[in-house]
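Novice: For the record, the sequence lines run as chains A and B. With my numbering as the guide, the letters of the first sequence map in order to residues 221 to 350. With my numbering as the guide, the letters of the second sequence map in order to residues 1355 to 1650. Glycine residues also receive a C-beta, built at the ideal position from the N, C-alpha and C atoms.
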Amino acid sequence: MSQSYDRGLVEDFGRWREFSAGMWAWIFHKFTGWVLIGYLFTHIAVLSTATVGTTAYTNTISGLESLLVVRFLEVGLLAVAVFHILNGLRLLFVDLGVGLEAQDKSFYASLVLTGAIVVASVPTFLAGAI
Amino acid sequence: MSTQVTEQEQAEAEEESTHQRRRLAEKAERQEVRDRMRERAETDLERADTVFDLKVFRYDPDIPEKEDPRFDTFPVPFTKGMTVLDALMYARDHYDSSLTFRHSCRQAVCGSDALFVNGTQHLGCKTQVVDLGDSEGVPGQIRVEPLPHQEVVKDLVVDMEHFYDQMDAVEPYFDADELPSGELEEQRQTRENREKIKMSARCIWCGACMSSCNIAAGDNEYLGPAAINKAYKFAMDDREGENRKQERLEIIEQEHGVWRCQTQFSCTEVCPKDIPLTEHIQELKREAVKNNLKFW
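(1) Identify the continuous alpha helix (DSSP H) that holds D1416(B) and give its terminal residues.
(2) Which complete beta strand (DSSP E) runs does the region 1460 to 1528 of chain B hold, if anything under 3 residues is left out?
(3) What three-state label does DSSP hand Y360(A) in the structure shown?
(4) Is A1555(B) near L1603(B), with beta carbons less than 7 Å apart?
(5) Here's the rule I'm using: 16 or more other beta-carbon atoms within 10 Å means buried, otherwise exposed. How should K1480(B) be labelled?
(6) Go ahead and pull the three-state DSSP assignment for Y1449(B).
(7) Between the C-alpha atoms of E1633(B) and D1509(B), what's the straight-line distance to the nearest angstrom?
(8) Measuring only between beta-carbons, confirm whether W236(A) sits less than 7 Å from chain B.
(9) Below 6 Å CB to CB, which residues in the same chain sit around D1398(B) once its five sequence neighbours on both sides are set aside?
(10) Taking the straight line between their C-alpha atoms, what separation do you get for T275(A) and L267(A)?
(11) For chain B, find out if any of its Cβ atoms is closer than 7 Å to the Cβ of Y259(A); answer yes or no.
(12) Considering Cα atoms alone, identify which of Q1385(B), F1425(B), E1366(B) is closest to R1497(B).
(13) Residues of chain A with CB closer than 7 Å to the CB of P1630(B), please, in chain order.
(14) CA-CA distance, M221(A) and V1507(B)?
(15) Out of L333(A), E294(A), L287(A), point me to the one whose CA is closest to L309(A)'s CA.
(16) Only counting the same chain, and skipping five residues up and downstream in sequence, which positions put a Cβ closer than 7 Å to that of G1494(B)?
(17) Does the distance from the CB of L1631(B) to the CB of T1622(B) come in under 7 Å?
(18) Could you confirm whether any beta carbon from chain B is found closer than 7 Å to the beta carbon of S240(A)?
(19) Using three-state DSSP, classify R1456(B) as helix, strand or coil.
(20) Taking Cβ positions only, does D1513(B) come closer than 7 Å to chain A?
(21) Between the alpha carbons of E1361(B) and E1370(B), how many angstroms are there, rounded?
(22) Would you please verify whether the beta carbon of G283(A) is less than 7 Å from any beta carbon of chain B?
(23) Is there a Cβ from chain B that is less than 7 Å from the Cβ of M221(A)?
(24) Is S224(A) close to chain B, meaning its C-beta is less than 7 Å from at least one C-beta of that chain?
(25) Select from the region 1610 to 1623 of chain B all residues with a C-beta closer than 7 Å to any C-beta belonging to chain A, and list them in chain order.
(26) Name, please, each residue of chain A whose Cβ falls closer than 9 Å to the Cβ of R1640(B).
(27) Within a Cβ cutoff of 8 Å, which residues of the same chain sit near G1491(B), ignoring the five residues on either side of it in sequence?
(28) Should G317(A) and E1637(B) be called a contact, given that it needs their Cβ atoms to be closer than 7 Å?
(29) Over what stretch of residues does the alpha helix (DSSP H) that includes F1425(B) continue unbroken?
(30) Can you tell me which of the three DSSP states F239(A) falls into?
(31) Using 10 angstroms around the beta-carbon of P1500(B), count the other beta-carbons present and answer buried if the total reaches 16, otherwise exposed.
(32) Where does A340(A) land, buried or exposed, given buried means 16+ other C-beta within 10 angstroms?
(33) Quick check: G1465(B) and C1563(B), are their CB atoms within less than 7 Å of each other?
(34) Against chain A, which members of the region 1402 to 1423 of chain B pass a CB distance test of less than 7 Å?
(35) Between the region 246 to 265 of chain A and the region 293 to 312 of chain A, do three or more beta carbon pairs fall short of 8 Å?
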């Protein structure tokens, strides 16, 4: 063999349209995981500056809640967390070797359930903001 | 003396010209065959009810004009029952005899023609052209590429060396702790145990799973689905005995063993022999945990 050609990362993310359920589940799980970590650190940073006294805390919280964008971000956070939890349960079953032939269906189920929970939560999160 | 030399030279020249003539004749004959095949293809195309385009990845490092990877498109007349391998062979025989791909048994047993067809790993001989189309049947175009994540040697031929190295790393051979005492005594396996490893034994070493695995693409040391499946076949074989199983578990529970698997199910989706690869990897993960966690 004189020489060979490295095609590099053909297939990988350039062919996302052809991804199967398991691959999407993996991508969403990674993505939501990183979002949750990001949220965790923001959460600690913001609230640690507000814990100087009761009024400061209340002011910070009500200040944030008065912003419409924060209300929408909360809905997004719920969506991310719910999907991560449901897919985490799915992965738990995969690890236990239960229902592996239905792994794609359980992924779709966790997506649908996430959607339903998020839609149901919208009135609560946006109440008083709009 | 001088006449001798001239005679010798003359004889050599004559011999050379005979060679030359024969070579030219052979070349002309080959050209004739090629022309005939191409003509035949033209008649085939005229007569065929359905024609589809076979778009093939081409690369040949030995010829300067073919050094840059490109796609060639060959029109192929569809015949009932045609597989992707049949289409490739039609293109090779009628258009370009230099089109290179591996194939042997043509019945999904030898595992040499795993290809990247329309963006998914398939066995060329097992994939019907009609199955690649939508409900209307034969697709307008089929794209055939070499397996991703492996170095391309020529056209559709990839270097399988790394794949075979990973397979060898799990010691893929039966190796029992104790051999039966009698010379002709058989090492019988229970029916239940055979059922357990039945699917894992179907592997044909085609490399489709390894090529589809995102993790194997990023981590060259990862054993990969095929090798782990092979390890499963022997680790789950009751006849080998406890000591050997322990050694096998030590191989698969290394850092780049079973724990790299992130259950994307890509390998299970593409396996042409329908081996539940992810299931086997997950079972070995549980075995590895059980092997290391002792609560007594």
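Specialist: Quick look at the numbers:
(1) Counted as a single uninterrupted DSSP element, the stretch harbouring D1416(B) is not any alpha helix (DSSP H), since DSSP gives it neither H nor E.
(2) 1468 to 1471, 1474 to 1477, 1495 to 1499, 1506 to 1508
(3) Given a span of 221 to 350 for chain A in the structure shown, any question on residue 360(A) remains unanswerable.
(4) no
(5) K1480(B) should be labelled buried.
(6) coil
(7) 34 Å
(8) no
(9) P1431
(10) For the pair T275(A) and L267(A), the Cα-to-Cα distance works out to about 13 Å.
(11) no
(12) For R1497(B), the closest C-alpha among the options Q1385(B), F1425(B), E1366(B) is that of F1425(B).
(13) Near P1630(B) (Cβ distances below 7 Å), the residues of chain A are L320.
(14) Because M221(A) carries a pLDDT of 47, less than 50, the predicted location of this residue cannot be relied on, and no value is offered for it.
(15) L333(A)
(16) F1406, D1407, listed in sequence order.
(17) yes
(18) yes
(19) coil
(20) Interface residue, yes.
(21) 14 Å
(22) no
(23) With a pLDDT of only 47 at M221(A), under 50, the local geometry of the prediction cannot be trusted, and no value is derived from it.
(24) For S224(A), the nearest beta carbon of chain B is closer than 7 Å to its own beta carbon.
(25) Q1616, T1617, Q1618, F1619, S1620, E1623
(26) D315, L316, G317
(27) T1404, V1484
(28) yes
(29) Run containing F1425(B): none in the alpha helix (DSSP H); it sits in the beta strand (DSSP E), 1424 to 1431.
(30) Here F239(A) sits in coil by DSSP.
(31) buried
(32) exposed
(33) Not closer than 7 Å, so no.
(34) Y1413, P1415, D1416, P1423
(35) As far as the Cβ criterion goes, the region 246 to 265 of chain A touches the region 293 to 312 of chain A, which means the pair count is three or higher.
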